[in-house]
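Numbering that gives the first Met the number 0 applies: residue 0 is where the sequence shown begins, and numbers increase by one.
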Amino acid sequence: MSRQRAPKSNLHRLIGRDALARGVRALGREISQDYADRSPRLIGVLKGAWIFIADLVRAIEVPVTVDFLSVASYGYATNSCGEVRIVQDLDAPIKGLDVLVIEDILDTGRTVTFLKEVLNARRPRSLRVAALLDKASRRILRVEADYVGFKIPNRFVVGYGLDCAERYRQLPEIFVMGNPPSR
Ligand code: IMP
Ligand code: MG
């Protein structure tokens, strides 16, 4: 089988395969402990969280069920502007369930704030958020994730499910676009 083509030269690796795998395993352990006697409903936020949730469920040892919803914020490329909306809703109600929202990245906080509001209104037993990446310096709304894989600098990242105008989701590692990250 041929190796995957090298990504374009304006992409610079920020989080490699091994670090990603270790981070996801650590999250899985933490979640498994916290939900020891529970069976949470994981809600993957499409499309960005699709690869993350696929790896994360396999690192969680308690029984889970999985559902998805899809959100969009108006504006496309590297800036999410104000408004968030549900493009595709959950298959099933979440009333009375322990819900864990799985996000790719927490940036301004608008998406997670919106989702918490919408999902809390459906009366889950509990509602927490796991985000693979946290760009804390970009926060506009005061909201945090209960589980964070990696805190990252204020740079636009792609790969491992994250896109730029729908490209690069397939890259197996996280890359920053533009200048190399400062270490
Ligand atoms: P927020 O609503 O500003 O917190 O942004 C959340 C959403 O914007 C994420 O779920 C991503 O879909 C997208 N996003 C934010 N930053 C990045 C990035 O660096 N790369 C790719 N997508 C991003
Ligand atoms: Mg997203």
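Every residue gets a Cβ at the ideal spot worked out from N, C-alpha and C, and that includes glycine.
All values reported here derive from a predicted model rather than from experimental measurement.
Contiguous beta strand (DSSP E) assignments of at least 3 residues, all confined to the region 43-120: 64-72, 83-87 and 97-105
Could you check whether Ile-85 and Leu-68 sit closer than 8 angstroms to each other, using their CB atoms as the reference points? yes
Is any heavy atom of the ligand IMP found at a distance shorter than 7 angstroms from the C-beta of Thr-64? Answer for Thr-64: no, Cβ out of range of the ligand IMP.
Is there at least one non-hydrogen atom of the ligand IMP closer than 7 angstroms to the beta-carbon of Asp-33? Checking every heavy atom of the ligand IMP against the Cβ of Asp-33, none is found closer than 7 angstroms.
What would DSSP say about Val-23, mapped onto helix, strand or coil? Of the three classes helix, strand and coil, the one that applies to Val-23 here is helix, per DSSP.
heavy atom of the ligand IMP below 7 angstroms from Glu-102 C-beta: Taken from the Cβ of Glu-102, at least one heavy atom of the ligand IMP lies inside 7 angstroms.
Buried or exposed for Leu-13, going by 16 or more other Cβ atoms inside 10 Å? It counts as buried.
Could you compute how far the alpha carbon of Thr-64 sits from the alpha carbon of Asn-153? 33 angstroms
Distance cut-off 7 angstroms: Arg-188 Cβ against heavy atoms of the ligand IMP: Examination of residue 188 is not possible in this model, given that the chain is present from 0 through 182 alone.
Strand pairing of Gly-158, partner residues [DSSP]: Leu-161
Below 8 angstroms CB to CB, which residues in the same chain sit around Asn-9 once its five sequence neighbours on both sides are set aside? Cβ neighbours of Asn-9 beyond the five flanking positions: Met-176 and Gly-177.
Return helix, strand or coil for Ile-173, following the three-state DSSP convention. strand
Can you tell me the Cα-Cα spacing of Leu-55 and Gln-87, whole angstroms? Approximately 22 angstroms between the Cα atoms of the pair.
For Asp-90, does the count of other Cβ atoms within 10 angstroms reach 16, so buried, or fall short, so exposed? exposed
Check whether the Cβ atoms of Asp-66 and Ile-50 sit closer than 8 angstroms, and answer yes or no. no
Near Arg-122, which residues of its chain fall below 6 angstroms by C-beta distance, leaving aside the five closest residues on each side in sequence? Lys-94
Grouping DSSP H, G and I as helix and E and B as strand, with all else coil, what is Arg-166? strand
If you drop the 5 nearest sequence neighbours on each side, which residues of the same chain put their C-beta closer than 7 angstroms to that of Gly-15? Closer than 7 angstroms at the Cβ level, and outside the excluded window around Gly-15, lie Glu-172.
According to DSSP, Asp-133 sits in a beta bridge with which residue or residues? Leu-105 and Lys-150
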